[in-house]
Structures are given as structure tokens and as C-alpha cells.
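As C-alpha cells, the structure follows; a few thoughts come after it.
In the working numbering, the protein residues as written are -9 to 101.
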């Protein structure tokens, strides 16, 4: 009967140790989940703050100062000494129109 009790008590001790180990594992896992929840809560708060700021900014009118427009144009396009292709096309418009008229004139009268 003593052998049975000794075997039984060692089995109970092993089960208690396993339960304590599992309990410790679960406590660590709960701590990890709580930390993750706190991080998600902080991210959500930051997102809500950003959304509020964005909503406020959307209601503000967009104002451009001529000086700032020129600064941005220079920053992205660089300083131009030569005219742009649009400026060239607009400047050539009268001569292009005359050239087109002369080609139409030649086409009809040489037939």
C-alpha cells in the first residue's frame, strides 16, 4: 500500500507542477496580449488624432502667395532662361497660321 501511495503522490506532484507551469505560461501570454492591446489602443488614439487634424485642415481654404508659387515652380522646374514649348507655340501661332494658309492656297491653285 505504501508503494501505491508513493507512486500516487509523485504522479500528483507531477500534475501539480505541470498545472503550475501551464498557469505561468498562460499568465505570460495574458501579459503579452495586454501589451499588444495597449499598443493597438495607442495606435487607434493616434489615428483618431490624425483624422481630427485632417478634418480640420480640409475645412481651411487653400491660400497661395505669389512668392511661394514662384519658389515651388523654381524648385520643381528649375530656373528657365529659354521659353517653354507652350510659349514658343503661342509665339509661332501667327506664322503657323500663315504657313497653313499658304499651303492650302498652293494646294488648291496648283491642282
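Where is the CB? At the ideal position from N, CA and C, for every residue including glycine. These numbers were taken from a predicted model, which means no experiment stands behind them.
{"Item": "Backbone CA spacing between residue 48 and residue 24 [nearest angstrom]", "Value": "36 Å"}
{"Item": "Nonlocal neighbours in the same chain, by C-beta distance under 6 Å from residue 33, ignoring five residues either side", "Value": "none"}
{"Item": "DSSP state of residue 51 mapped onto helix, strand, coil", "Value": "coil"}
{"Item": "Cα-Cα separation, residue 84 to residue 60", "Value": "30 Å"}
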